[in-house]
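The structure appears below as structure tokens.
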Amino acid sequence: SFDEFKKINLGLFDWLHFEGRNIEQTLKMMVHAKQYFPELMISVEIEKVRKNIEQLIEPADIIIFSKHYALTQGFNTANDFCRKTAEQYSNKAIFCAWGSSGAAALVRQKFYWQNAFLVDAIDTLAAGDVFNAGIIDQQIKQQTIQQSLITACKLAAQKCMHKGIVIN
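In this text, residue positions in the sequence shown follow the numbering used here: the first is 27, and each later residue adds one.
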């Protein structure tokens with residue numbers, strides 16, 4: 027809950043990642059973090075359509091969208107989705123996982139694409155979470171956007187080759 031979140035010393039962290047689930051509580055947490063720790067990087071995953079989920083975009087620095095979300099917004103390609111979203115949120119880094127096709131990003135008006143690494147998928151559950159972790163890891167390490175996409179796609183592919191989450 028937000029009340030519990032306020033008790034955490036956020037100064038101990040370099041990065042906060044949120045998922046777009048309990049929108050009201052999550053928004054309070056994100057706004058609090060931005061207000062009191064403006065140097066703290068904040069990312070959010072927008073995976074499914076939920077009432078008011080778009081409110082989570084503004085306090086975030088990096089937004090990771092799912093293909094499912096983009097499709098429900100009427101977009102058929104990651105390119106189109108990223109470009110249209112960037113029109114409204116030009117100061118954000120926008121990532122969009124596109125499943126077995128790959129993933130895209132649009133940062134500072136530059137579009138990036140990485141094809142997926144094709145594998146014999148055994149279990150795709152949590153591949154999106156692994157992708158998100160790859161993006162965050164690479165951005166913390168100050169890697170390029172393209173390198174972040176490459177690593178995140180590789181990790182997601184590796185995850186899909188195993189039941190559960192086992193990454194070598």
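Just so you know, even glycine gets a beta-carbon here, dropped at the ideal spot from N, CA and C.
Item to check | Ranges of the beta strand (DSSP E) found wholly within the region 125–175, counting only runs of at least 3 | outcome: 128–133, 136–141
Checklist entry - Three-state secondary structure (DSSP) at V57? => result helix
Item to check | The alpha helix (DSSP H) enclosing H94, as first and last residue numbers | outcome: 93–98
Item to check | For F107, the three-state DSSP class (helix, strand or coil) | outcome: helix
Checklist entry - According to DSSP, which residues form a beta bridge with H188? => result Its beta-bridge partners do not exist; DSSP assigns none.
Next on the checklist: Just list the residues that DSSP pairs L42 with in beta bridges.
Outcome noted: I68
Item to check | Simplified DSSP assignment, three categories, for I215 | outcome: The structure shown has nothing for residue 215, since the chain only spans 27 to 194.
Checklist entry - Are the CB atoms of L175 and V156 nearer to each other than 8 angstroms? => result no
Checklist entry - Mapping DSSP to helix, strand and coil, what is F101? => result coil
Next on the checklist: Only counting the same chain, and skipping five residues up and downstream in sequence, which positions put a Cβ closer than 7 angstroms to that of G125?
Outcome noted: K93
Item to check | Neighbour-count burial assignment, T52, 16 or more Cβ in a 10 Å radius | outcome: buried
Item to check | Three or more C-beta pairs below 8 angstroms linking the region 129–146 and the region 80–87 | outcome: no
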